[in-house]
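Structure first, then comments.
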Amino acid sequence: MATKVYIVYYSMYGHVATLAEEIKKGAASLEGVEAKLWQVPETLPEEVLGKLSAPPKSDVPYITLDELGEAAGLIFGFPTRFGMMAAQFKAFLDSTGSIWPKSSLESQRAFSTALVLREAVKRLPR
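Residue numbers (numbering that gives the first Met the number 0): 0 to 125.
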């Protein structure tokens, strides 16, 4: 059985989505790894997104809390706003409090894109 790695991200303009797709390619190239992309729900109204000239969201499915617990590893990707994670991703993480009593995330490994990229750069041939 393959080890499931979920790449969960938020991307308003598509930049983080592009990074997530590349991370998926790298993870999926490893033997025994099944990598899957997920995005977190948008919290801004369509009217606001239009004023921000945000492009339409991709067809990557939105992850649910139940699906989050299925993976052996999680890689999180999100932009920063004034040094903080995007509110959309924070809202999603805050919602995981409801699954805390079930311990469904207890044995999972989790990384953010900055850490994943830093480790990948270390492995580049010099």
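Virtual Cβ for every residue (Gly too), placed ideally from N, Cα, C.
Note down the Cα distance separating residue i from residue j, rounded to an integer number of angstroms.
i	j	result
Leu104	Val47	33 Å
Ser10	Met0	31 Å
Ser28	Ser94	32 Å
Phe129	Lys56	Absent from the model: residue 129. The displayed extent of the chain is 0 to 125, so no value can be given.
Glu30	Trp37	21 Å
His14	Val32	24 Å
Identify which residue in the options has its Cα closest to the Cα of residue i.
i	options	result
Lys23	Glu41, Gly76, Pro40 and Ile98	Gly76
Lys35	Met84, Ser97, Met11 and Ala16	Ala16
Tyr5	Phe81, Pro55 and Leu73	Leu73
Leu43	Thr63, Ala86 and Ile98	Ala86
Ala19	Tyr8, Lys101 and Thr63	Tyr8
Glu41	Val32, Lys89, Gly96 and Lys101	Lys89
Ile98	Thr2, Thr63, Met83 and Ala26	Thr63
Gly96	Glu45, Glu21 and Asp65	Asp65
Am I right that residue i and residue j are in contact with their C-beta atoms under 8 Å? What's the rounded C-beta distance?
i	j	result
Tyr12	Val39	That belief does not hold up - the Cβ atoms of Tyr12 and Val39 are roughly 15 Å apart, past 8 Å.
Does the region 68-76 come close enough to the region 40-56 that 3 or more CB-CB pairs lie under 8 Å?
no
Suppose only complete runs of 4+ residues qualify. What are the alpha helix (DSSP H) ranges in the region 3-32, listed by chain order?
14-27
Which whole runs of the beta strand (DSSP E) in the region 34-113 are 3 residues long or more, in chain order?
72-76 and 108-111
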